[in-house]
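Asks:
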Amino acid sequence: MRVLIVTTGSRGDVAPYLGLGRHLADHGHQVAIAAHDTFEEMVRETNLEWRRIPGDPNALIAGSLQRQVPGKPLPTMSDFLDGVADGIVDAAGQGTDVMVTCLGQAPVSLLVADALGVPSLGAYLIPSIPTDQFALPRATWSGAGHRADGRRMMSGARRHYIDVLPRLARRLGLASSAVDGIWERWLGDNGWPICLGYSPSVVPRPSDWPSNVEVTGYWWPPVPADWAPDPVLVEFLEAGPEPVFVGFGSMVVDDGDRLGPLVAEAVSTAGVRAVVQAGWAGLAVAGDNILSIGSVPHEWLLPRTCAAVHHAGAGTTGAVLRAGVPAVPVPVTADQPYWAQLVHELGSATAPMPYGQLTSQGLARAITEALSLDHARVDELARSVKADDGAGQVLSRINALVQDGPY
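In full-length UniProt numbering, the protein residues as written are 1 to 407.
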């Protein structure tokens, strides 16, 4: 069965879908990943087919943070989504029996799947189905209740698609009314299957969600078969106490010049060693007890550290929980404040330190505090997260979809 997985955004947004895709492929499905050019190599390293979606996620993230990347114009969301929609149509047209889609592109993917007459499934990295039991990420309190606030927030996101979906429906030869039912399915209504890729031990499934919405557990990015750690990294790890991991992923684009000295001073003040990952910030930190590195699988590196300073993206948060190391969350934008506050309340992280308020002294204090957290609680969460079979549950849902036909 030919499964197309649609994913856009940052590296952390894409990586879990590679783990999901690899699991599906290992169980007999032909899997293609539709993603931006930036991730072509990353997809091919996992021996999955890559299908191109145009657009520069680096520039889009920079624009959302109001930070210009030299030599790159800041795209509008409408222009970005127009290109993405065309890319999804082209990707699906290369042969697709089932479509699996991330949250941001679910409206587009649903319309394309409807046009092709193939079943589809939502695969989201965050809790995004309105509930009375807690506030959704990014939802603001209006006094009307969590469910109403969640629906209001999700409905507000429709504005990005107001022009995109009708134009896409015309291209696909669909009636304009085909767009009407997309929004309810996006929110989990009308029985459209949605799998949420985080652990129920982190965010328990609310009892008021419909039965078609399932919390599966995390989808772990695969380690490429031919990957091996740099001997310099291995030597550094073996040369002293476990270091602190520092990485901000794809969020702080081209902000390495400011971050480097700040991180170096914090590490020195805290009296620890550190492994600092460059990410899209271009972060490079020099020091006797600091090693700057490029991309290294979290599954391999994080268990060899004593704590993790990170931006609290959904994927990195899950990886740190799985590794059983305490965290210092430094949220930047989007759903990151949600995860940062949540892991703090779970006892596995210090209080969130928003990126805009980051100082060397504050970071040094937070690192020291993280090292004194209750390790029994951190270990307990790690065991729970590892026990989930997230990708396996999605596989079961897809196999059922294939038998039942289009929704």
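All residues carry an ideal CB built from backbone N, CA and C; glycine is no exception.
Keep in mind it's a predicted model, so treat the numbers as computed, not measured.
Who does residue 53 pair with in a DSSP beta bridge?
Replies: For residue 53, which the question treats as bridged, DSSP gives the partners 36.
Asks: If I measure Cβ to Cβ from residue 391 and keep anything under 7 Å in the same chain, skipping five residues before and after, which residues do I get?
Replies: Answer for residue 391: 19, 20, 23 and 219, listed in chain order.
Asks: Identify, in the order they occur along the chain, each residue of the same chain with its Cβ nearer than 6 Å to the Cβ of residue 277, setting aside the five sequence neighbours on each side.
Replies: So the list reads 247 and 293, once near-sequence residues are dropped.
Asks: Taking a contact to mean a Cβ-Cβ separation below 8 Å, would you say residue 326 touches residue 378 in this structure?
Replies: In contact: residue 326 and residue 378 (Cβ atoms closer than 8 Å).
Asks: DSSP state of residue 77, grouped into three classes?
Replies: DSSP places residue 77 in helix when its eight states are reduced to three.
Asks: With distances taken Cα to Cα, identify the nearest neighbour of residue 225 among 184, 33 and 44.
Replies: The residue with the shortest Cα to Cα distance from residue 225 is 44.
Asks: Please classify residue 57 as buried or exposed, where buried requires at least 16 neighbouring CB atoms within 10 angstroms.
Replies: Classification of residue 57: buried, given that the 10 Å Cβ count is 16 or more.
Asks: Report the residue ranges of all beta strand (DSSP E) runs contained in full by the stretch 183-208; include only those spanning at least 3 residues, in chain order.
Replies: Correct list: 194-196.
Asks: Taking the beta strand (DSSP E) that residue 247 belongs to, which residues open and close that run?
Replies: That run of the beta strand (DSSP E) goes 244-247.
Asks: Quick one: is residue 104 buried, meaning 16 or more other Cβ sit within 10 Å of its Cβ, or exposed?
Replies: With 16 or more Cβ atoms within 10 Å of its Cβ, residue 104 is classed as buried.
Asks: In or out: residue 100 buried (at least 16 other Cβ within 10 Å) or exposed?
Replies: Flag for residue 100 reads buried.
Asks: Just to confirm my understanding: we take residue 53, look at its own chain, exclude 5 residues before and 5 after, and list those with CB closer than 7 Å. What are they?
Replies: Cβ neighbours of residue 53 beyond the five flanking positions: 8, 34, 35, 36, 84, 87, 88 and 91.
Asks: Please state whether DSSP places residue 354 in a helix, a strand or coil.
Replies: Coil.
Asks: Name the two residues that bound the continuous alpha helix (DSSP H) containing residue 14.
Replies: Here the alpha helix (DSSP H) through residue 14 covers 11-26.
Asks: Taking only the alpha-carbon atoms, compute the straight-line gap between residue 337 and residue 169 and give it to the nearest angstrom.
Replies: So the two alpha carbons sit approximately 35 Å from each other.
Asks: May I ask which residues mark the beginning and end of the beta strand (DSSP E) holding residue 99?
Replies: Run containing residue 99: 98-101, per the beta strand (DSSP E) assignment.
Asks: Please report the straight-line C-alpha distance between residue 113 and residue 51, rounded to a whole angstrom.
Replies: In a straight line, the C-alpha of residue 113 is about 16 Å away from that of residue 51.
Asks: So what's residue 403 in DSSP terms, helix, strand or just coil?
Replies: The answer is helix: DSSP assigns residue 403 an H, G or I state.
Asks: Based on the DSSP secondary-structure assignment, which residues constitute the bridge partners of residue 155?
Replies: Paired residue(s): none; residue 155 is not in a bridge.
Asks: Taking buried to mean at least 16 other C-beta atoms within 10 Å of its own C-beta, is residue 10 buried or exposed?
Replies: Classification of residue 10: buried, given that the 10 Å Cβ count is 16 or more.
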